[in-house]
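Participant: Take a look at this one; I'll ask things after.
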Amino acid sequence: MIEILSVTGPASVQDLGRLDQYRFGVGTSGAMDDVALRAGNILLGNDENAAGLEIPMMPFKLRFDRDMAFALTGADVDAEIAGRVIPPWWRSHAGAGDILTIKAMARGARSYLAFSGGIDVPMVLGSRSTQFRGEFGGWHGRPLQPGDVLPCTASTATIGELGVEPAEVTLARPNADPDETLVRVVVAGEYDGFDAATQELFWSSSWKITPQSNRYGYRLQGPAVKPSMPIEKRSHGIVPGVIQIPPNGQPIIQMRDAQTSGGYPKIAAVIRADLWRVGQARLGRMLRFEQTAYADALAAEAEMSAYLDRLRANVGLVEETRTCR
Amino acid sequence: MTAPDRPRISLLGTSALLFEAPGAFDLPHQRRIWALAATASKWPGIREAIPGITNMMLTFETPPREVDTLIAALNDGWDAAEGLAIGGREIRLPVTYGGAIGSQLQSVAEHCGLSIDDVVAIHAAPLYTVFALGSHPGYCYLGGMDPRITMPRRQTPLQRSAGGSVSIGGSQTGVSASPGPSGWHAIGHTTWTFFDPSWPTPAALAPGDTIRFEIEQVIR
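Sequence lines, in order, name chains E and D.
Going by the UniProt record's numbering, 166 is the number at position 166 of the first sequence; the sequence numbering is gapless.
Going by the UniProt record's numbering, 217 is the number at position 217 of the second sequence; the sequence numbering is gapless.
Now the structure itself:
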């Protein structure tokens with residue numbers, strides 16, 4: 001078990017999400033940076049869908065009540081346990097009573113903690129992710145609070161220290177401005193409802209992530225992008241990544257806790273291979289959109305899968321070497 | 001461009017696709033959507049087929065290599081779809097119109113050039129059909145609203161609206177099942193339970209069910 005000692009902001013239990021309950025109005029939830037959560041689980045030999053903690057603000061502190069392996073991935077943070085510094089994208093071992101402290105987040109927006117065996121909260125509608133709107137899943141359907149004691153199915157087997165290259169390094173976009181997050185999108189249903197000059201404005205602008213951005217959606221600020229004629233759609237399904245343009249012309253990127261349907265015109269949608277980059281873009285940071293063909297979007301997903309496959313193979317190789325010794 | 005009498009099919013990134021039927025926002029079109037969704041949900045690679053308002057979203061198990069094949073199947077499926085008449089149950093929902101939660105009742109009345117009593121009477125008159133579930137857990141989109149009380153969605157969505165809000169968004173109406181962000185205008189509220197994840201089917205209502213709003217109170 002682990003006990004939350006201090007928490008800032010809405011930290012929550014998340015797995016890869018509740019992907020098949022849309023017909024009941026239930027969105028996906030799940031880790032905003034699914035690549036980081038997968039990597040953490042791979043480091044520990046867990047099922048990649050095992051539940052971990054998503055921590056959006058620091059400081060954060062927890063205590064292990066027994067020996068347990070854990071992995072820290074996602075944002076670049078200053079973390080230490082029992083006097084040891086934990087580097088980014090690293091797995092380590094905690095002794096009973098050890099306190100893990102994450103003090104500051106130098107870069108990125110969300111840190112992930114995975115635990116050997118995963119956090120053992122009940123599966124609700126096929127997932128352990130927290131559904132904030134429905135107030136179920138995760139830990140009692142709510143953000144974590146100090147004093148919460150979360151069950152883990154962790155084995156106590158000793159596991160060696162091991163690190164992997166962070167996704168943002170391996171999957172870095174060439175020629176990306178370090179002060180901007182470059183996000184690939186495919187155009188969506190109402191793209192043609194915007195005139196050429198407005199479309200150009202959408203592509204060429206730097207979009208600021210406003211403070212009204214969270215797990216529901218990222219509300220962006222920039223020049224007004226409005227369709228040639230007002231568009232009011234009949235309500236239809238939407239998924240994380242869809243970029244809506246409400247009448248004020250300021251885009252909203254739907255994120256993991258987004259509503260499952262909407263009616264504002266959609267100009268584009270972030271490809272799955274880049275959604276984690278949005279999840280790691282913090283408030284105040286600038287985003288820029290890059291138009292991508294569907295086939296290239298699939299190629300980008302394949303590249304992301306290949307990165308995870310390599311992690312899996314490398315971690316497997318390390319275990320094998322240790323066993324043979 | 002798609003011909004006006006043909007469906008519109010567009011991508012929602014790489015994880016889903018949207019099918020929009022041509023024609024009116026009415027029950028016959030919605031019944032064809034239900035039929036198409038029942039068919040498409042069985043196709044390989046499709047995770048779910050989710051009816052919307054005379055439209056349908058397909059989510060992918062794995063994104064198709066060839067979108068064209070899927071588009072052709074959807075077009076054929078729509079042409080072949082006979083209306084699926086779902087015989088649902090009828091629910092009576094007591095509504096308090098106006099008040100703190102239904103604070104937009106006056107704005108809707110002004111926008112539509114009607115009195116508050118007219119808006120309430122017009123809203124409570126029809127037998128509504130649940131066309132689709134969506135937005136948030138257990139939320140029902142209803143068909144059958146009188147177009148006289150149509151009001152466009154908000155310029156900027158609200159960060160939080162109350163659970164149980166009875167709202168109007170464009171030519172649609174519905175009742176929220178829990179508090180959360182909304183781009184609609186709340187004109188009243190109800191205290192019914194629409195969703196419980198521990199139920200065998202977590203949503204209380206399903207497409208094809210019908211709702212009648214009963215005027216419990218009007219707060220001016």
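In this text, a Cβ means the ideal position worked out from N, Cα and C, and glycines have one as well.
Does Gln-259 of chain E pass the burial test, meaning 16 or more other C-beta atoms within 10 Å, or should it be called exposed?
Facilitator: Result: buried.
Participant: State buried or exposed for Met-1 of chain D, treating a residue as buried only when at least 16 other CB atoms are found within 10 Å of its CB.
Facilitator: Low confidence applies here, because Met-1 of chain D scores a pLDDT of 45, under 50, leaving its location unreliable and the question unanswered by this model.
Participant: What residues from the region 143 to 166 of chain D come within 9 angstroms of chain E, judged by C-beta to C-beta, listed N to C?
Facilitator: Hits within the stretch, in order: Pro-152, Arg-153, Arg-154, Gln-155, Thr-156, Pro-157, Gln-159.
Participant: On the premise that Gln-254 of chain E lies in contact with Pro-240 of chain E, defined as a C-beta separation below 8 angstroms, what is that separation, rounded to the nearest angstrom?
Facilitator: Rounded, the Cβ-Cβ distance is 5 angstroms, consistent with contact.
Participant: In chain D, which residues lie less than 8 angstroms from Tyr-22 of chain E when you measure between Cβ atoms?
Facilitator: Near Tyr-22 of chain E (Cβ distances below 8 angstroms), the residues of chain D are Glu-48, Ile-50, Met-57, Thr-59, Gly-134.
Participant: Which residues in chain E have a C-beta closer than 9 angstroms to the C-beta of Pro-63 of chain D? List them in chain order.
Facilitator: By Cβ distance, chain E contributes Arg-272, Tyr-294, Ala-297, Leu-298, Glu-301.
Participant: Could you tell me which chain E residues have their CB closer than 7 angstroms to the CB of Leu-93 of chain D, listed as they occur along the chain?
Facilitator: Within chain E, no residue comes near Leu-93 of chain D; the closest Cβ sits about 17 angstroms away, beyond 7 angstroms.
Participant: Which of the three DSSP states is assigned to Ala-96 of chain E in this structure?
Facilitator: It is coil, neither helix nor strand.
Participant: Report yes or no: do three or more beta-carbon pairs, one from the region 101 to 121 of chain E and one from the region 75 to 86 of chain E, lie closer than 8 angstroms?
Facilitator: Contact between the region 101 to 121 of chain E and the region 75 to 86 of chain E is present, because at least three Cβ pairs lie under 8 angstroms.
Participant: Tell me whether Ser-165 of chain D sits in a helix, a strand or coil according to DSSP, three-state version.
Facilitator: Of the three classes helix, strand and coil, the one that applies to Ser-165 of chain D here is strand, per DSSP.
Participant: Just the Cα atoms here: how many angstroms apart are Gln-199 of chain E and Glu-168 of chain E?
Facilitator: So the two alpha carbons sit approximately 28 angstroms from each other.
Participant: Select from the region 9 to 27 of chain D all residues with a C-beta closer than 8 angstroms to any C-beta belonging to chain E, and list them in chain order.
Facilitator: Those residues of the region 9 to 27 of chain D that come within reach of chain E (Cβ to Cβ, closer than 8 angstroms) are Ser-10, Leu-11, Leu-12, Gly-13, Thr-14, Ser-15, Ala-16, Leu-18, Glu-20, Phe-25.
Participant: Would Phe-289 of chain E pass as a contact of Phe-194 of chain E if the rule is Cβ separation under 8 angstroms?
Facilitator: Cβ distance not < 8 angstroms, so Phe-289 of chain E and Phe-194 of chain E don't count as in contact.
Participant: Does the Cβ of Trp-90 of chain E have 16 or more other Cβ atoms within 10 Å, making it buried, or fewer, making it exposed?
Facilitator: Trp-90 of chain E is buried by the Cβ-count criterion.
Participant: In terms of DSSP beta bridges, what is Glu-20 of chain D paired with?
Facilitator: DSSP output for Glu-20 of chain D lists D:Arg-8, D:Asn-55 as bridge partner(s).
Participant: Here's the rule: buried if 16 or more other CB atoms are within 10 angstroms of the residue's CB, otherwise exposed. What is Arg-32 of chain D?
Facilitator: Buried, since its Cβ has 16 or more Cβ neighbours within 10 Å.
Participant: Quick one, are the C-beta atoms of Pro-126 of chain D and Met-151 of chain D less than 8 angstroms apart?
Facilitator: Going by C-beta atoms, Pro-126 of chain D is not nearer than 8 angstroms to Met-151 of chain D.
Participant: Roughly how many angstroms lie between the CA atoms of Ile-219 of chain D and Gly-141 of chain E, to the nearest whole one?
Facilitator: Cα-Cα distance, rounded: 34 angstroms.
Participant: Of all the CB atoms in chain E, is at least one closer than 8 angstroms to the CB of Pro-137 of chain D?
Facilitator: It does; some Cβ of chain E falls within 8 angstroms.
Participant: Give the residues of chain E in contact with Phe-213 of chain D, contact being defined as C-beta atoms less than 8 angstroms apart.
Facilitator: The premise fails here: Phe-213 of chain D is roughly 19 angstroms from chain E at the closest Cβ pair, so nothing lies under 8 angstroms.
Participant: For Arg-110 of chain E, tell me which candidate among E:Glu-54, E:Ile-86, E:Gly-263, E:Cys-152 has the shortest Cα-Cα distance.
Facilitator: Minimum Cα distance to Arg-110 of chain E is reached at E:Glu-54.
Participant: Please name the residue in E:Leu-287, E:Ala-188, E:Leu-72 whose C-alpha comes closest to that of Phe-115 of chain E.
Facilitator: Checked all of E:Leu-287, E:Ala-188, E:Leu-72; the closest Cα to Phe-115 of chain E is E:Leu-72.
Participant: Touch check for the region 208 to 216 of chain D and the region 114 to 128 of chain D: three-plus C-beta pairs under 8 angstroms?
Facilitator: Yes: at least three Cβ pairs fall under 8 angstroms.
Participant: Could you work out which residues of chain D lie near Gln-291 of chain E, taking near to mean beta carbons separated by less than 9 angstroms?
Facilitator: Those do not exist, as Gln-291 of chain E stays about 13 angstroms from chain D at its closest Cβ, beyond 9 angstroms.
Participant: Name, please, each residue of chain D whose Cβ falls closer than 8 angstroms to the Cβ of Val-242 of chain E.
Facilitator: Those are Leu-12, Gly-13, listed as they occur along chain D.
Participant: Classify Val-185 of chain E as helix, strand or coil using the three-state DSSP reduction.
Facilitator: Correct three-state label for Val-185 of chain E: strand.
Participant: How many Å lie between Pro-227 of chain E and Val-175 of chain D at the Cα?
Facilitator: Cα to Cα, Pro-227 of chain E sits roughly 29 angstroms from Val-175 of chain D.
Participant: Quick check on Phe-60 of chain E: does DSSP put it in helix, strand or coil?
Facilitator: Three-state result, Phe-60 of chain E: strand.
Participant: Are Thr-14 of chain D and Ile-271 of chain E closer than 8 angstroms when you measure CB to CB?
Facilitator: Yes; because the gap between Cβ atoms is below 8 angstroms, this pair is in contact.
Participant: How is the beta strand (DSSP E) around Phe-213 of chain D delimited, first residue to last?
Facilitator: Here the beta strand (DSSP E) through Phe-213 of chain D covers 210 to 219.
Participant: Reducing DSSP to helix, strand and coil, say where Phe-202 of chain E ends up.
Facilitator: Note: Phe-202 of chain E maps to helix in three-state DSSP.
Participant: So does the region 46 to 54 of chain D actually touch the region 290 to 305 of chain E, counting three or more Cβ pairs closer than 8 angstroms?
Facilitator: No: fewer than three Cβ pairs fall under 8 angstroms.
Participant: Following a CB-centred definition, is Ala-96 of chain E positioned closer than 7 angstroms to any heavy atom of the ligand NAD?
Facilitator: Of the ligands one can find in the structure shown there are none, so the ligand NAD has no counterpart to examine.
Participant: Look up Leu-275 of chain E in the DSSP assignment and say whether it is helix, strand or coil.
Facilitator: In the structure shown, Leu-275 of chain E sits in a helix (DSSP, three-state: H, G or I).
Participant: Compare the C-beta of Pro-151 of chain E against all C-beta atoms of chain D and say whether one is closer than 8 angstroms.
Facilitator: Not closer than 8 angstroms to any Cβ of chain D, the Cβ of Pro-151 of chain E fails to qualify, so no.
Participant: Any contact between the region 107 to 124 of chain D and the region 64 to 74 of chain D? By contact I mean 3 or more CB pairs, one from each, below 8 angstroms.
Facilitator: Taking 8 angstroms as the limit for Cβ pairs, the verdict is that the region 64 to 74 of chain D does not touch the region 107 to 124 of chain D.
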